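Report on the following structure.
There are 2 protein chains.
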Amino acid sequence: MLSFAEENYLKTIYHLSLGGEKNVSTNAIADTLNTKPASVTDMIRKLSKKSVINYKRYRGVEISEDGKKEALKVIRKHRLWEVFLVEKLKFSWDEVHVVAEQLEHIKSPLLIKRLDEFLGFPKFDPHGDPIPDENGEILNKPKVALSKLEVNEQGIVVAVKDSSSLFLQYLDKIGAYLGAKIKVNDRIAFDGSLEITIDNKKTVFISKEVAENILVTD
Amino acid sequence: MLSFAEENYLKTIYHLSLGGEKNVSTNAIADTLNTKPASVTDMIRKLSKKSVINYKRYRGVEISEDGKKEALKVIRKHRLWEVFLVEKLKFSWDEVHVVAEQLEHIKSPLLIKRLDEFLGFPKFDPHGDPIPDENGEILNKPKVALSKLEVNEQGIVVAVKDSSSLFLQYLDKIGAYLGAKIKVNDRIAFDGSLEITIDNKKTVFISKEVAENILVTD
DNA sequence: ATTAATATTTAGTCTTATCTAAAAATATTT
DNA sequence: AAATATTTTTAGATAAGACTAAATATTAAT
Ligand SMILES: [Mn+2]
Ligand SMILES: [Mn+2]
Ligand SMILES: [Mn+2]
Ligand SMILES: [Mn+2]
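So, in structure tokens, the structure goes:
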């Protein structure tokens, strides 16, 4: 049985291992968890002893198959709770993450099974992220950053890369919800910002950074 | 901000302080929490420093007004989650307690406000226990142990004193749900056991101990 | 009023999870 | 290939929460 802290570390390692290199560095973990490298080294040892990660000192860590399974269980719970909060309790998509960070650690297989049923077996969370099934299988919709589209191309918003409140509230403001249709009208050569039209209604300028954090189907 | 452990101690102290004496003993706390008296003394000091209890050594503890408020917040959460589990996730009344023990520690005022709304502002949990409102106010239905009824008297089951799985499963078996009408047909002088009729249908014998743990309105 | 029994506290240890400061290993520059 | 910079690990502390064993205080019994 993993503790809250262990689950959080494992989840972070899993997420980091998706972005590029297989071996995750001590510093990267410390950064995302807002903790110190020394603490990470300690925890890494414990996780290694529990064989949810493979670790050689000074070489970073790689998540094991067992570890991946555990991480996906936590992620599944996190995302199901996020759906619950939005669909049933009328939370907005920028409010759910902090609460889900707590709820994801509740231990009860029956609870999650029933919650999944209650929600109608959702496949994606409020930020467009796929919800792993009981076996850790993930449905992977192809998606591309809005910033990658050519001028005059369009796409449907299917996910966001950044789930911070500030970003999501901004998206709310311009009306770029999940499912919105976005057409790229123009790309400003100077700074890579885009002029886009949302749902054929509203035309706005967005920065390159924003465009990189909106994911669409092309 | 109270930790999980602190919340659990406080809740226990609150519950114990309802049953009789105002001053709760170290041993009583240790017993109900399945921990050792020495650990209780340590925690008591911390809680006293946070002034949620009043403590003089060797004299037991008394919960403070602040402490009562905090305890009632946790109890409110516990009971609301129990309602959620039964009403929405189809848990049976004997399965909810262990899960609610975890859920009661989730910190999010908005979550509880919305959960309450979502459930339609329930006043009682699946075991008939009253749910404190946001201000800690409790609706106190008058109720009496079934064992106190005279022969030929009857009452409606409104709560159970013991919420253990074993007891609740037994009640399920004989059909003594909340809301069931129970008539006392006979009291056996030998051991105080009762012959009762449930909902005018089923007649069974129950032990004195069982009768003492079923609460009815008279 | 002593003595015996029980309850409570203290002293000292352990585990988990964190930290700072210093040492060691690895990576990057010159 | 050295020198420098960065990353990672070790050493030593701290705080929360729990435990055992021993010491005190309180309560009950003689
Ligand atoms: Mn999230
Ligand atoms: Mn999400
Ligand atoms: Mn309960
Ligand atoms: Mn209950």
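Protein sequence lines correspond, in order, to chains A and B. Oh and the first sequence: position 116 is 116 in full-length UniProt numbering, straight run, nothing missing. Oh and the second sequence: position 14 is 14 in full-length UniProt numbering, straight run, nothing missing. We treat Cβ as the ideally placed atom computed from N, Cα and C, and that holds for glycine. These figures come from a predicted structure and were not determined experimentally.
Using only the heavy atoms of ligand 3, determine whether one of them is closer than 8 Å to the beta carbon of B:E101. Yes; taking the cut-off as 8 Å, the Cβ of B:E101 has a heavy atom of ligand 3 nearer than that.
So B:I206 and B:S193 are in contact, right, with Cβ under 8 Å, and what is the actual spacing, rounded? The C-beta distance from B:I206 to B:S193 rounds to 6 Å, short enough to meet the 8 Å contact threshold.
Using CA coordinates, which residue listed in B:L72, B:A176, B:F124, B:Y55 is at the minimum distance from B:E82? When only C-alpha atoms are compared, the closest one is B:F124.
Identity of the residue in B:K46, B:A159, B:E134, B:E62 nearest B:P142 by Cα: The residue with the shortest Cα to Cα distance from B:P142 is B:A159.
I need the DSSP call for B:E195, collapsed to helix, strand or coil. B:E195 sits in a strand when the DSSP states are folded into three classes.
For A:K202: DSSP bridge partner residues: According to DSSP, which records beta bridges pairwise, A:K202 is partnered with A:I198.
N- and C-terminal bounds of the beta strand (DSSP E) containing A:L215: Its beta strand (DSSP E) spans residues 214–217.
Could you have a look at B:P130 and say whether DSSP puts it in helix, strand or coil? Here B:P130 sits in strand by DSSP.
Kindly provide the ranges of any beta strand (DSSP E) runs that are 3 or more residues long and lie completely inside the stretch 5–55 of chain A, ordered along the chain. Fully enclosed beta strand (DSSP E) runs of 3 or longer: 53–55.
Please list, in chain order, the chain B residues whose beta carbon lies closer than 9 Å to that of A:F121. Within 9 Å Cβ-Cβ: nothing; A:F121 doesn't reach chain B, min ~14 Å.
Roughly how many angstroms lie between the CA atoms of A:E6 and B:L85, to the nearest whole one? A direct Cα-Cα distance of roughly 27 Å separates A:E6 from B:L85.
Quick check: the stretch 24–42 of chain A against the stretch 71–81 of chain A, are at least 3 beta-carbon pairs closer than 8 Å? Here the stretch 71–81 of chain A makes no contact with the stretch 24–42 of chain A; the two share fewer than three CB pairs at distances below 8 Å.
Please name the residue, chosen from A:P132, A:K50, A:A30, that lies closest to A:G67 on a Cα-to-Cα basis. Among A:P132, A:K50, A:A30, the Cα nearest to that of A:G67 belongs to A:K50.
What do you reckon, is the C-beta of B:S163 under 8 Å from a heavy atom of ligand 4? Annotation for B:S163 indicates a beta carbon within 8 Å of some heavy atom of ligand 4.
On the three-state DSSP scale, how would you describe A:V86? Correct three-state label for A:V86: helix.
Is there a C-beta anywhere in chain A that falls below 9 Å from the one on B:E150? It does not; no Cβ of chain A falls within 9 Å.
Segment limits, alpha helix (DSSP H) that includes A:I106: A:I106 -> no alpha helix (DSSP H), and no H or E assigned at all.
Helix, strand or coil for B:E62, going by three-state DSSP, please let me know. When secondary structure is reduced to three states using DSSP, B:E62 falls in the strand class.
My parser needs the alpha helix (DSSP H) runs of 4 or more residues fully inside the stretch 111–185 of chain B; what are they? Qualifying alpha helix (DSSP H) stretches, in chain order: 165–174.
Taking 8 Å as the cut-off, is the C-beta of B:P132 nearer than that to any heavy atom in ligand 4? No, since every heavy atom of ligand 4 falls outside the 8 Å radius drawn around the Cβ of B:P132.
Return yes when the C-beta of B:H105 is under 8 Å from any heavy atom of ligand 3, and no when it is not. Distances taken from the Cβ of B:H105 to the heavy atoms of ligand 3 include none shorter than 8 Å.
Who are the neighbours of residue 219 of chain A on chain B, taking C-beta pairs under 8 Å? This structure gives no information on residue 219 of chain A, because the portion of chain A shown stretches from 1 to 218.
Using a Cβ cut-off of 9 Å (strictly closer), state whether B:E95 contacts chain A. At a cut-off of 9 Å, the C-beta of B:E95 has a neighbouring C-beta in chain A.
Applying the 10 Å Cβ sphere with the 16-neighbour rule, what's the burial state of A:L80? So A:L80 counts as buried.
Is B:A125 near ligand 3, with its Cβ less than 8 Å from a heavy atom? Looking at the sequence provided, one finds Asp at residue 125 of chain B rather than Ala. Correct: B:D125 has its Cβ closer than 8 Å to ligand 3.
Going by beta carbon distance, what residues of the same chain come within less than 6 Å of A:A100, once the five residues before and after it are set aside? Correct list, in chain order: H78, W81, E82.
Is the beta carbon of B:K90 sitting closer than 9 Å to the one on A:R114? Yes. Within cutoff.
Expected contact under 8 Å - CB spacing of A:K107 and B:Q102 to nearest Å: In this structure, A:K107 and B:Q102 form a Cβ contact; the two beta carbons are roughly 7 Å apart against a cut-off of 8 Å.
Burial state of B:V216 (16 or more Cβ within 10 Å): Counting Cβ neighbours within 10 Å, B:V216 comes out buried, since at least 16 surround it.
Would you call the stretch 137–156 of chain A in contact with the stretch 169–185 of chain A, where contact means no fewer than 3 C-beta pairs closer than 8 Å? By the Cβ test, the stretch 137–156 of chain A is in contact with the stretch 169–185 of chain A, since at least three Cβ pairs between them sit closer than 8 Å.
Assuming the contact rule is C-beta atoms closer than 8 Å, A:Q169 and A:D94 should be a hit. Round their C-beta distance to whole Å, please. Taking C-beta atoms under 8 Å as the contact rule, A:Q169 and A:D94 qualify, at a distance of about 5 Å.
Of the choices B:L178, B:T203, B:L171, B:I198, whose alpha-carbon is the least far from that of B:E209? Considering only alpha carbons, the answer is B:L171.
With DSSP as the reference, please indicate the residues paired to B:R187 in a beta bridge. In the DSSP output, where bridge partners are listed per residue, B:R187 has B:L194.
Taking Cβ-Cβ distances shorter than 9 Å, what residues in chain B pair up with A:R114? Residues of chain B passing the Cβ test: L85, K88, L89, K90, F91.
Heavy atom of ligand 1 less than 8 Å from the Cβ of A:H97, yes or no? Relative to ligand 1, A:H97 has its C-beta within less than 8 Å of a heavy atom.
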